[in-house]
Ligand code: ATR
């Protein structure tokens, strides 16, 4: 039986947890002929590399930093990925590109019991990850407030996505009374663990729920700020597992073993709780 191959494509890629997560999932459901690899692909040869993979019989791939936007050009990008402006999953059998980050994020919020409809939600950041979050939140009926270090990028994000919402400085965003905060910046990510996207000089909302897309470290400074203000905080591990689970099902047609995927990520990161 020919091996069924999929892979993650990024630059750099060596720290990707996706191979361990997917290979554990394949084994858990008895898909022993499937294998997930990773390829470091420099930006100037993304299109060539994707064509090579397709020609060599790869079933699909995940696209990660910094290629998600560029990948739109090299696949039949579906309406969602075009709207978000990023492809993270490709099926080479159809050459279709899609985005499972949006649903992965929204599913994980729901799994933590967070309801966003008609709620003000502060999104920190205005890069690729923020685009997926803003799109999903807005689609679910949230009132999105985007806060970014470079304010013009927050304005542009809202305009690009055609979503209603506001771009505000942190001091003003804080005054809206929003109790749901989503970090889509890389502030606080290893190795800059002592940084935070929430300026400590601005009071932290009491009892807020923080979703931090960062998962390395498992407990970020932002999460500690939320907890110190009587709130709850979760990291982005669940989103990583869920976007992967959606891709897994797209490729294999088999329901993904989400708990196996989550546990593999926890093990890889040395998280014991
Ligand atoms: P990704 O695709 O992961 O979203 P990105 O597109 O490079 O990555 O976006 C990174 C985001 O994190 C940006 O919003 C960036 O702010 P700027 O637009 O001002 O560059 C934000 N960011 C990165 N480091 C940050 C820090 N130390 N404090 C606050 N925001 C930060």
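In the numbering used here, the protein residues as written are 600 to 872.
Ideal Cβ placement from N, Cα and C applies to all residues, glycine included.
If the five residues before and after residue 681 are omitted, its C-beta is found closer than 6 Å to no C-beta atom of its own chain.
Between the C-alpha atoms of residue 613 and residue 619 there is a straight-line separation of about 12 Å. The set of residues with a C-beta under 6 Å from any non-hydrogen atom of the ligand ATR comprises 664, 724, 725, 726, 727, 728, 729, 747, 748, 749, 752, 783, 784, 785, 786, 794, 796, given in chain order. Beta-bridge annotation (DSSP): residue 834 is not paired with any residue. Residue 689 and residue 851 have their C-alpha atoms some 13 Å from each other. Per DSSP, reduced to three states, the secondary structure at residue 622 is helical.
When the beta-carbon positions are compared, residue 823 and residue 817 stay at least 9 Å from each other. CA-to-CA, the gap between residue 712 and residue 633 works out to about 34 Å. Rounded to whole angstroms, residue 813 and residue 788 show a C-alpha spacing of 6 Å.
DSSP places residue 776 outside both helix and strand once states are collapsed to three, so it counts as coil. Sequence-distant Cβ neighbours of residue 849 in its own chain, meaning closer than 8 Å and more than five residues away, are 659, 688, 690, 697, 699. Under a 10 Å Cβ-count criterion, residue 641 is classified as exposed, with fewer than 16 other Cβ atoms of the shown protein chains found around its own Cβ.
With 16 or more other Cβ atoms inside 10 Å of its own Cβ, residue 837 counts as buried. The beta-carbon distance between residue 753 and residue 725, rounded to whole angstroms, is 5 Å. This is short enough to meet the 8 Å contact definition. DSSP, reduced to helix, strand and coil, places residue 606 within a strand of the structure shown.
Sixteen is the threshold: since fewer than 16 other Cβ atoms of the shown chains lie within 10 Å of the Cβ of residue 761, the residue is exposed. One Cα belongs to residue 630, the other to residue 736, and the distance between them is close to 34 Å.
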